[in-house]
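Asker: Got a structure for you, questions after.
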Amino acid sequence: MKGTPDVPQCGFSLAVSNVLKHLKVNFKGINVLEDHDVREGIKEYSDWPTIPQLYVKKKFVGGCDIVKEMFEKGELQKILNIN
C-alpha cells in the first residue's frame, strides 16, 4: 500500500484499509513508497500494475476495485473466513 494502514497516502490504499478495518481483520501494510524496488517488484510479482494489492495467505487477491467488489458481494468475507 502507499503509506500505512493508519496513515494511507492515497485514496485507494485508504479504501482497502477501511474495508479490512470494517471487517476487523488483522492485517499488515507494507509502505511501497519507502522503497522503489519493492514498489516495482510487487507489480512484477503479481503481474498487476497498481497499488494497493491485497494478499491472503500469500495469494494475490486483487487491487482496490476488486477488493471493494468482493466485499460488496460477500466474497472477501468468505476467503477471510468471516461469517
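Under my numbering, the residue at position 38 of the sequence shown is numbered 178, and the numbers go up by one with no gaps. Each residue gets a CB set at the ideal place from its N, CA and C atoms; glycine is no exception. Being a predicted model, the structure only gives us computed values, none of them experimental.
When DSSP builds the beta bridges, which residues end up paired with VAL196?
Answerer: Here residue 196 corresponds to residue number 56 of the sequence shown, with the count starting at 1. Answer is LYS199.
Asker: Where DSSP assigns a beta bridge to PRO148, which residues make up the other side?
Answerer: Translated into positions along the sequence shown, residue 148 becomes position 8. Bridge partners of PRO148: GLY143.
Asker: Please go through the same chain and pick out, in chain order, the residues whose beta-carbon is closer than 6 Å to the beta-carbon of GLU209, but skip the five residues on each side of it.
Answerer: Position 69 of the sequence shown, counting from 1, holds the residue named residue 209. Here the set comprises nothing.
Asker: Is ILE219 buried or exposed, if buried means 16 or more other CB atoms sit within 10 Å of its CB?
Answerer: On the sequence shown, residue 219 is found 79 positions in, with the first residue counted as 1. ILE219 is exposed by the Cβ-count criterion.
Asker: Quick check on LYS168: does DSSP put it in helix, strand or coil?
Answerer: Looking up residue 168 in the sequence shown gives position 28. LYS168 falls in the coil class under three-state DSSP.
Asker: Below 8 Å on the Cβ atoms is my guess for LEU194 versus VAL178; work out the distance and round it to an integer in Å.
Answerer: Numbered from its first residue, the sequence shown carries residue 194 at position 54. Numbered from its first residue, the sequence shown carries residue 178 at position 38. About 16 Å separates the two Cβ atoms, so there is no contact after all.
Asker: Determine the burial state of VAL156: buried for a count of at least 16 other Cβ atoms within 10 Å of its Cβ, exposed for fewer.
Answerer: By one-based count along the sequence shown, residue 156 stands at place 16. Classification of VAL156: buried, given that the 10 Å Cβ count is 16 or more.
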